[in-house]
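Asks:
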Ligand code: BEZ
Ligand code: FE
């Protein structure tokens, strides 16, 4: 029998149809929708670029390297999702059903340790370096009502662009981090230093991707925050430093105009209330939470036994 390319009926389109059909019996509606869309789009991508077998192997090798770079404190797949704008796409889609709430943005990989519980007015800068920045804020509902005793988890890099976990020999654990509980009127305040812009980790396959595509790895300076209160949707967001470099070219596409902070000078009232000098730097923040909503039940695929 001669084996030759017969040009028979197994066209790319027929193959895509067969694979889609193979998942048609998936009992869970959401999983069936997700997997059939995934097959459709992945097959469309492959048909579009028509990879050689060598290129396909390179793609497999790249994704393998991404997986192998992951451990308990490094999540290279999240980083890949971040630089491809997928993390931000997911955030932006989910913000659509939270009208009136503060915009969310990416969590990032540095929220891996628990923030130390701190009292209102405490400083998260444990080294006392840099110029102190007062951050004052309030947590409220979309109705305008303050949310008493909401928690606000804060983390940031230092004035040189490093998180505590990146410099365990230079920074004490918990430097640049704090878990605050707002007062009875939803207000919170703490001291810090203005965080610098910094590069995302580039010592893995994602760094290789950035350099092969002539992209820079920098993020503009920002303070991360997660606000939480019973009955409200958890908000993960940033306050961006208003005059930071890279505000218009964040490596992970996480800047939203509404999140560029209001960094000002302390007024007489603020000076008296927070015991700071008039005209000293102050960042004012408002975190608006939307009511909790019904989430899609998870498909269960993420819960893999290890
Ligand atoms: C961060 O802001 O901590 C971050 C976000 C995405 C990728 C890398 C770092
Ligand atoms: Fe960050």
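Residue numbers (our numbering): -2 to 303. Don't be surprised by glycine CBs; every beta carbon is placed ideally from N, CA and C.
Give a yes or no on whether the C-beta atoms belonging to residue 183 and residue 145 are separated by under 8 Å.
Replies: yes
Asks: Could you name each continuous beta strand (DSSP E) segment of 3 residues or more that falls completely within the stretch 85 to 172, going from the start of the chain to the end?
Replies: 129 to 138, 148 to 152
Asks: Does residue 15 pass the burial test, meaning 16 or more other C-beta atoms within 10 Å, or should it be called exposed?
Replies: The residue is exposed, with fewer than 16 neighbouring Cβ atoms inside 10 Å.
Asks: Going by C-alpha distance, which of 287, 298, 299, 261 is nearest residue 139?
Replies: 287
Asks: Could you tell me which residues DSSP puts in a beta bridge with residue 283?
Replies: 135
Asks: Hey, which residues come within less than 6 Å of ligand 1, measuring from Cβ to any heavy atom, in chain order?
Replies: 76, 79, 103, 105, 106, 107, 197, 216, 249
Asks: Going by C-alpha distance, which of 257, 102, 226 is nearest residue 241?
Replies: 257
Asks: Does the distance from the CB of residue 255 to the CB of residue 79 come in under 8 Å?
Replies: no
Asks: Just confirm the distance between the C-beta atoms of residue 162 and residue 185, as a whole number of angstroms; I'd bet it's less than 8 Å.
Replies: The pair is not a contact, with the Cβ atoms about 24 Å apart (cut-off 8 Å).
Asks: Does the stretch 27 to 46 come within contact of the stretch 167 to 182, defined as at least 3 CB pairs closer than 8 Å?
Replies: The stretch 27 to 46 vs the stretch 167 to 182: no contact.
Asks: Closer than 8 Å by C-beta to residue 245: which residues in its own chain qualify, once you throw out the five before and the five after it? Chain order, please.
Replies: 252
Asks: Identify, in the order they occur along the chain, each residue of the same chain with its Cβ nearer than 8 Å to the Cβ of residue 309, setting aside the five sequence neighbours on each side.
Replies: For residue 309 there is no data in the structure shown, the boundaries of the chain being -2 and 303.
Asks: With contact counted as at least three CB pairs below 8 Å, one residue from each stretch, are the stretch 258 to 266 and the stretch 274 to 288 in contact?
Replies: yes
Asks: Quick check on this structure: which residue in 90, 213, 235 has the alpha carbon closest to the alpha carbon of residue 153?
Replies: 235
Asks: Would the C-beta of residue 221 count as close to ligand 2, meaning under 7 Å from any of its heavy atoms?
Replies: Yes, since a heavy atom of ligand 2 falls inside the 7 Å radius drawn around the Cβ of residue 221.
Asks: Can you tell me where the alpha helix (DSSP H) with residue 207 in it begins and where it stops?
Replies: 202 to 209
Asks: What's the C-alpha gap between residue 157 and residue 224?
Replies: Here the alpha carbons of residue 224 and residue 157 stand approximately 26 Å from one another.
Asks: Please determine, among 52, 74, 125, the residue with the shortest C-alpha to C-alpha distance to residue 173.
Replies: Closest in C-alpha terms to residue 173, from the list 52, 74, 125, comes 125.
Asks: Roughly how many whole angstroms lie between the Cα atoms of residue 283 and residue 135?
Replies: Rounded to whole angstroms, the separation of the alpha carbons of residue 135 and residue 283 is 5 Å.
Asks: Could you give the residue range of the beta strand (DSSP E) that holds residue 252?
Replies: Premise fails: residue 252 is in no beta strand (DSSP E) and is neither H nor E.
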